DNA sequence: CCGACTTTGTGCATCCGTTCACAAACGTCG
DNA sequence: CGACGTTTGTGAACGGATGCACAAAGTCGG
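Chains as they are written, first to last, in this note's numbering: chain R, -8 to 253; chain Y, -8 to 253.
Written out as structure tokens, the structure reads:
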């Protein structure tokens, strides 16, 4: 199971009972142009799932340029992956290519979107209206690609009421109500580390089952809740490792980082 | 077996100074150049490198709580990973644990920091002073953990001169000069997608070899330049996939209204 | 209608990462 | 000083991911 929280301790799981099932965000879809594909087995490899959004973005860019069909080689270049990998990834969704021609861009956009569950708009609750929360709310790729910001919450009264990305900031005390009324299943934590676990617990208790965490700590969640984390400093540290290695191996012309000042 | 004579003082002399290495033209694999005492073979698996920052953060938290030694089980829980995985990861750095006891927290902090190349402060140039750039500049985990913001650049004259995180915003036209004078090898791209490739090219031309990209596109860089991307919408889309799957599968326990489409 | 060309889809070998399970090493206690 | 419990470090098995290479399947020109 793809549960990232690998805690085999069953006794500790408080079994978050969502009580009244959170309203499923609009399940009406399908029956759209093109042929139908009875969902095959659903074993989509995790690595494939992680790449599908990249393909989707490249496909959108192609569609905007008016490209009707695309071969796996071109799409692979646009997505920055190997073409064989791309073909294998797409083959997991079904046989949506035409041999000798390539893939129909619009049709593939639809199929990838459907595989990712983006044929509907997922309501998202953002907690934290700091710089990061504002950046998220203003990020265009959000609302245009299958998501809708249903609320932005913050604990600072000075920012409550301010409008960000077309949504007015509400106080964090409204968290439970906002989640319930919007039916949001996805929450974004963009608060400082010391308040993240509390926010997380409240989100989970309110029925949120998918959490995107920007706070630099490991969140503790019950089984059944999916957490992904984005940590800016971790990415930088990985870069530092490779940079260090590069400097150590090829001591060339660059004078290296200014290590004197510390 | 950390000898008590060796102080685990984190501010030890970093040997990353370029020095005068033999100008080897090209070697397929380094033949373990010298360093044998602290550094065994250098093939640190990529997956391990990606986890070391997580361990480091957990170790810092333990150190602040005054914990002197920690067993792999506890540290694994704090880092959210399997304990066997953690031990294998750490074993790639060397044998820094004590059987029957655990790891010395301070000493391990130093060793992990050194492995990641964080015993020095890396100067970082941030391009883009929007919400995201400001969030990065104000992020505490930046300056406290091996990095120093040497400059923040933006193309908007209205924000030039504003101070963010203790650093005054400069105009993006100063990019080359800033990179040269600060010796920055790491650049962060926090500009909109349409300007990201241009900024990237200029950073690379100025000598930057490590780039952290927040713009939602695939950057084109020459060989030898390391790019890591952080894409907010991609993470959300992966969450959406799992959420969709969860909704489709929950037909057994939760009192759902009706079995959704098979 | 046929042959040449193009591109997809995939079998297969290989590699990387994860996990189990256990022996070696260490401190402690009697 | 020796037995015992604890914890590390790692060999080995396993599973998943990657990329090559090629057959199948399609288009296109004559």
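Even glycine gets a Cβ: it sits at the ideal position worked out from N, Cα and C. No experiment lies behind these values; they were computed from the predicted model shown.
Contact between residue 59/R and residue 95/R holds, since their C-beta atoms are separated by about 7 Å, short of 8 Å. A residue is called buried once 16 or more other Cβ atoms fall within 10 Å of its Cβ, and residue 97/Y is buried on that count. Inter-residue distance for residue 57/R and residue 51/R is about 10 Å (C-alpha atoms, whole angstroms). Taking 7 Å as the cut-off between beta carbons, the residues of the segment 216 to 238 of chain R near chain Y are 217, 219, 221, 223, 224, 225, 226, 227, 228, 229, 230, 231, 232, 233, 234, 235, 237, 238, in sequence order.
One alpha carbon belongs to residue 112/R, the other to residue 183/Y, and they sit about 23 Å apart. With 16 or more neighbouring CB atoms inside 10 Å of its own CB, residue 128/Y falls in the buried class. Under the 8 Å criterion on CB atoms, residue 53/Y is classed as non-interfacial with respect to chain R. Take residue 87/R, set aside five residues on each side of it, and the residues of its chain with a beta-carbon closer than 7 Å to its own are 81, 94, 98, 99, 102, in chain order.
Residue state for residue 94/Y is assigned as strand, using DSSP reduced to three classes.
Here residue 177/Y has 113, 115, 201 as same chain residues with Cβ atoms under 6 Å from its own Cβ, once five neighbours each way along the sequence are excluded. For residue 132/R, the closest Cβ of chain Y is nearer than 8 Å.
Listed by position along chain R, the residues whose Cβ is nearer than 8 Å to that of residue 123/Y are 122, 123, 126. Counting only residues of its own chain and dropping the five nearest sequence neighbours on each side, residue 70/R has a CB closer than 6 Å to the CB of 45, 46, 49.
DSSP links residue 144/Y through a beta bridge to 118/Y, 161/Y. Restricting attention to alpha helix (DSSP H) runs no shorter than 4 residues, the segment 157 to 232 of chain Y encloses them at 166 to 173, 184 to 197, ordered along the chain. At a cut-off of 8 Å between beta-carbon atoms, residue 185/Y makes no contact with chain R.
Nearest C-alpha to residue 214/Y among 228/Y, 198/Y, 207/Y: 198/Y. When beta bridges are read from the DSSP output, residue 139/R appears opposite 114/R.
Annotation: Cβ neighbours of residue 137/R in chain Y (cutoff 9 Å, chain order): 224, 227, 228, 231.
In the structure shown, the three-state DSSP call for residue 132/R is helix.
Pairing residue 66/R with residue 35/R, the inter-Cα distance amounts to about 20 Å.
In the structure shown, residue 108/Y falls within a coil segment according to DSSP collapsed to helix, strand and coil.
Within the same chain, and ignoring the five residues on either side of residue 224/R in sequence, the residues whose Cβ sits closer than 8 Å to its Cβ are 207. Interface annotation, residue 149/R: not in contact with chain Y, CB-CB separation never under 8 Å. By a beta-carbon distance limit of 8 Å, residue 226/R contacts residue 221/Y. Their separation comes to about 6 Å.
Among the CB atoms of chain Y, none fall inside 8 Å of the CB of residue 173/R. The Cβ atoms of residue 143/Y and residue 134/Y do not sit closer than 8 Å to each other. At a cut-off of 8 Å between beta carbons, residue 71/R contacts chain Y. At least one beta carbon of chain Y lies nearer than 8 Å to the beta carbon of residue 48/R. The CB of residue 91/R never comes closer than 8 Å to any CB in chain Y; the least such distance is about 27 Å. Secondary structure at residue 71/R: coil, using DSSP grouped into helix, strand and coil.
Around residue 160/R, the same chain offers 120, 143, 144, 145, 150, 151, 152, 153, 154 as residues with beta carbons nearer than 8 Å, after the five sequence neighbours per side are excluded.
DSSP places residue 45/R within a helical segment (H, G or I) once states are collapsed to three. Using a Cβ-Cβ cut-off of 9 Å, residue 177/R is close to 227, 230, 231, 234 of chain Y, given in chain order. Under DSSP, the beta-bridge partners assigned to residue 60/R are 95/R.
Proximity of residue 194/R to chain Y, defined by a Cβ-Cβ separation below 8 Å, is not satisfied.
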